[in-house]
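Residue numbers (the numbering used here), protein chains in the order written: chain A, 4 to 404; chain B, 349 to 426. For each residue, glycine too, the CB sits at the ideal point set by N, CA and C. No experiment lies behind these values; they were computed from the predicted model shown. Note sheet for the following structure.
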Amino acid sequence: MTGHHPPVTDWATDFDHADPVWAANPFPIWDDLRRRCPIAHSDRYGGVWLPIRHEDVAAIAYDTDHFTSQSVIVTEGRPLAPAPQGIAPPISSDPPFHHEARRLLLPAFSPKAIGPLEPFTRSYCNELLDAVAGEPVVDAAEQYAQHIPVRIIAHMLGFPPEDADEFREFVHDALESVDLPVETRIENFAKLDGYLRAQVEDHLANPRNDLTTFLLNAEMNGEPLTPEHVGGTIALLLIAGIDTTWSAIGASIWHLAQHPEDRRRLVAEPDLMPLAIEELLRAYAPVTMARLVKEDFEFNGCPMKKNEWVLLPFPAANRDPEFFDRADEVVIDRAENRHAAFGLGIHRCLGSNLARMELRVALEVWLEHFPEFSLADPAAVRWSGGQVRGPRTLPIQIGIP
Amino acid sequence: MRVHVDADKCQGHNRCYALAPELFDVDDLGYASAKDDGEVPAGLEDKARLAVANCPEYAISIDDNAAATSDGHAEKPA
Ligand code: HEM
Ligand code: SF4
């Protein structure tokens with residue numbers, strides 16, 4: 004739950020991305036800031052900046068000299084694990100360590116490695132929808148979207164599928180409860196740590212053909228990975244892929260529920276799906292990342308202080324009218340689409356090929372089962388706040404009402 | 349027409365490979381390169397332009413005169 008902070012009064016000088024107003028509908032906030040204050044600042048979280056324009060977001064994402072990835076989630080505290088590795092490599096790592104830590108993982112997430120997971124993903128999506136067959140109202144977030152990425156990453160890591168509910172809680176605590184006190188967050192992370200330790204022990208005792216065993220045997224520069232590195236990376240793979248993909252699937256269904264013209268076109272022209280997915284990712288990009296300022300530094304006239312946060316709102320960059328035509332419309336067959344939903348530069352989402360496959364298959368299977376649907380109760384839709392935004396409650400009326 | 353992928357800029361978004369697998373390949377790490385020295389077969393010019401217009405890192409370029417001037421010299425290896 005969000006809302007542990009006082010409500011925001013002025014978005015240019017006192018913004019809070021965990022505010023319920025941002026969670027419910029951030030687009031007017033970004034439009035307003037684009038006009039009057041394209042790099043906003045807030046004293047919350049010990050100092051945080053918010054660039055809104057695509058150009059500024061891109062420049063900061065590319066500038067690994069002045070900005071560190073040591074922590075990418077804005078919280079009240081500051082990261083405990085030192086650079087350049089950080090707590091969850093490679094997302095928390097800076098060059099040159101980052102390059103090697105990322106390279107290790109790239110083969111497992113390349114298009115050629117992800118392709119073979121498609122049939123498994125498809126049959127799991129079918130299973131989920133077969134289970135709700137005949138129900139007049141289906142919660143697309145709770146009964147469908149949230150299960151898909153959990154099942155696939157558990158499969159890849161070799162974790163028991165029945166632990167899914169537990170994973171989702173860890174992820175929620177790590178990503179969405181950012182305005183809780185530091186002590187509560189440390190406790191939450193300890194729970195995740197305990198769970199992962201047990202999984203690692205089990206894989207050490209019973210090695211198998213999965214990502215966990217791969218990481219336990221992996222070497223970087225001729226040395227085995229440290230236990231902190233292995234643990235941090237596994238936590239990252241678990242955390243980075245779940246709420247993010249769940250959000251993208253949910254937001255896409257939310258859009259299609261309200262746009263029969265787009266929905267019917269996708270049913271009639273399935274070949275459009277790859278372009279449509281990119282457009283839905285652009286328009287409803289779920290993920291905002293963050294950096295810390297390394298040393299006092301002036302960026303475009305803004306006096307950034309060492310250890311202040313800088314948010315990278317890729318979702319706002321994706322709606323920048325200077326960068327996209329008809330930026331605030333969903334153009335389901337948009338041909339030119341250099342969106343930044345998966346980030347820009349060296350931290351480009353490692354899981355992007357997996358996430359795209361999951362999103363495409365999830366929508367294809369949904370449309371096969373339910374070519375016609377609408378929002379059952381628009382007022383009941385609830386969006387998560389913080390740095391990963393997507394529908395968490397999404398009741399869908401199946402069929403033509 | 350020829351397409352070229354700048355290996356220093358490519359971050360492996362794979363937008364090009366998804367849109368135009370006839371023109372691009374990806375390696376085991378997921379980084380892209382142009383197929384067949386980047387030579388764009390007749391009829392696939394629009395696909396080449398589409399790939400350029402979707403690369404978030406501006407890593408792909410097109411040389412429109414290449415087909416006329418090329419005498420088979422290789423692209424810079426990726
Ligand atoms: C639609 C779903 C997803 C979105 C929108 C998304 C978005 C992002 C973004 C914006 C970044 C850049 C981070 C930065 O610049 O600091 C990132 C990094 C990352 N993502 Fe994703 N992600 C998604 C799904 C996944 C999945 C399924 C996985 C796989 C388990 C994953 C794993 C990662 C990892 C490991 C990184 C760190 C890469 C690095 O630092 O080199 N993501 N993601
Ligand atoms: S779209 Fe651009 S960044 Fe992505 S693989 Fe192709 S060339 Fe590389």
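Listed by chain order, chain A residues near Cys-403 of chain B by CB distance under 9 Å:
Residues of chain A with a Cβ closer than 9 Å to the Cβ of Cys-403 of chain B are, in chain order, Arg-341.
Taking 7 Å as the cut-off, is the C-beta of Thr-71 of chain A nearer than that to any heavy atom in the ligand HEM?
no
Pro-163 of chain A to Asp-274 of chain A span [Cα, whole Å]
35 Å
Determine the contact status of Ile-90 of chain A and Pro-99 of chain A, defining contact as a CB-CB distance below 8 Å.
no
Going straight from the alpha carbon of Glu-281 of chain A to that of Trp-25 of chain A, what length do you get?
23 Å
With 16 as the cutoff for other CB atoms within 10 Å, does Ile-237 of chain A come out buried or exposed?
buried
Taking Ala-167 of chain A as the reference, which of A:Thr-187, A:Arg-188, A:Glu-145, A:Glu-375 has the closest Cα?
A:Glu-145
Within 8 Å of any Cβ in chain B, is that where the Cβ of Ile-403 of chain A sits?
Taking 8 Å as the CB threshold, Ile-403 of chain A stays off the interface with chain B.
Could you give the DSSP three-state label for Val-203 of chain A: helix, strand or coil?
Looking at Val-203 of chain A - three-state DSSP - the assignment turns out to be helix.
Buried or exposed by the 16-neighbour rule on C-beta atoms within 10 Å, applied to Arg-134 of chain A
According to the sequence provided, residue 134 of chain A is Ala. The question's Arg does not apply to it. The residue in question, Ala-134 of chain A, is exposed, as its Cβ has fewer than 16 Cβ neighbours within 10 Å.
Let me check you understand the geometry: is the CB of Tyr-365 of chain B closer than 7 Å to at least one non-hydrogen atom of the ligand SF4?
yes
Taking the alpha-carbon positions, what's the Ala-254 of chain A to Asn-413 of chain B distance?
44 Å
Anyone know if the C-beta pair for Ala-293 of chain A and Ile-94 of chain A falls short of 8 Å?
no
Start and end residues, alpha helix (DSSP H) containing Ala-343 of chain A:
Premise fails: Ala-343 of chain A is in no alpha helix (DSSP H) and is neither H nor E.
Cβ of Ile-94 of chain A less than 8 Å from any chain B Cβ?
no
Using 10 angstroms around the beta-carbon of His-102 of chain A, count the other beta-carbons present and answer buried if the total reaches 16, otherwise exposed.
exposed
Residues near Val-77 of chain A by beta carbon distance below 8 Å, same chain, minus five either side
Excluding sequence positions up to five before and after Val-77 of chain A, its CB lies within less than 8 Å of the CB of His-20, Tyr-48, Val-51, Val-181, Ala-293, Trp-312, Leu-314, Gln-390, all in the same chain and listed in chain order.
Any residues in the stretch 349 to 377 of chain A with a beta carbon nearer than 8 Å to a beta carbon of chain B? Which ones, in chain order?
Flagged, chain order: Ile-349, Arg-351, Ser-355, Asn-356, Arg-359.
Could you have a look at Glu-375 of chain A and say whether DSSP puts it in helix, strand or coil?
coil
The alpha helix (DSSP H) enclosing Pro-31 of chain A, as first and last residue numbers
Unbroken alpha helix (DSSP H) run through Pro-31 of chain A: 30 to 39.
Going by the C-beta, is Ile-32 of chain A closer than 7 Å to any heavy atom of the ligand HEM?
no
On a Cα-Cα basis, can you pick out the residue from A:Ala-15, A:Asp-66, A:Gly-388, A:Ala-27 that is closest to Pro-41 of chain A?
A:Ala-15
Taking only beta-carbon positions, decide if Ala-366 of chain B is within less than 8 Å of chain A.
yes
What's the C-alpha gap between Leu-366 of chain A and Leu-398 of chain B?
Separation of Leu-366 of chain A and Leu-398 of chain B (C-alpha to C-alpha, rounded to the nearest whole angstrom) is 24 Å.
Below 8 Å, how does it come out for the stretch 394 to 408 of chain B and the stretch 334 to 346 of chain A: are there three or more Cβ pairs, yes or no?
yes
Within 8 Å of any Cβ in chain B, is that where the Cβ of Leu-109 of chain A sits?
yes
Leu-240 of chain A (DSSP reduced to helix, strand or coil):
In the structure shown, Leu-240 of chain A falls within a helical segment according to DSSP collapsed to helix, strand and coil.
Using DSSP bridges, identify the partner residues of Ala-382 of chain B.
B:Phe-372, per the DSSP bridge assignment.
Please report the straight-line C-alpha distance between Pro-9 of chain A and Pro-31 of chain A, rounded to a whole angstrom.
20 Å
For Val-364 of chain A, I'd like the list of residues in its chain whose CB is within less than 7 Å of its CB, leaving aside the five on either flank, ordered along the chain.
Glu-121, Thr-124, Arg-125, Cys-128
4-residue-minimum alpha helix (DSSP H) runs that sit fully inside the stretch 388 to 413 of chain B, ordered along the chain:
Counting whole runs of 4 or more residues, the stretch 388 to 413 of chain B contains the alpha helix (DSSP H) stretches 393 to 402.
Exposed or buried, Asp-299 of chain A, counting other C-beta atoms within 10 Å across all chains shown (16 or more means buried)?
Under a 10 Å Cβ-count criterion, Asp-299 of chain A is classified as exposed, with fewer than 16 other Cβ atoms of the shown protein chains found around its own Cβ.
Helix, strand or coil: which one does DSSP assign to Phe-326 of chain A?
Note: Phe-326 of chain A maps to coil in three-state DSSP.
Residues near Leu-371 of chain B in its chain [Cβ-Cβ closer than 7 Å; skip 5 each side]:
Only Val-351, Ala-382, Lys-383, Val-388, Leu-392, Lys-395, Ala-396, Ala-399 meet the Cβ criterion.
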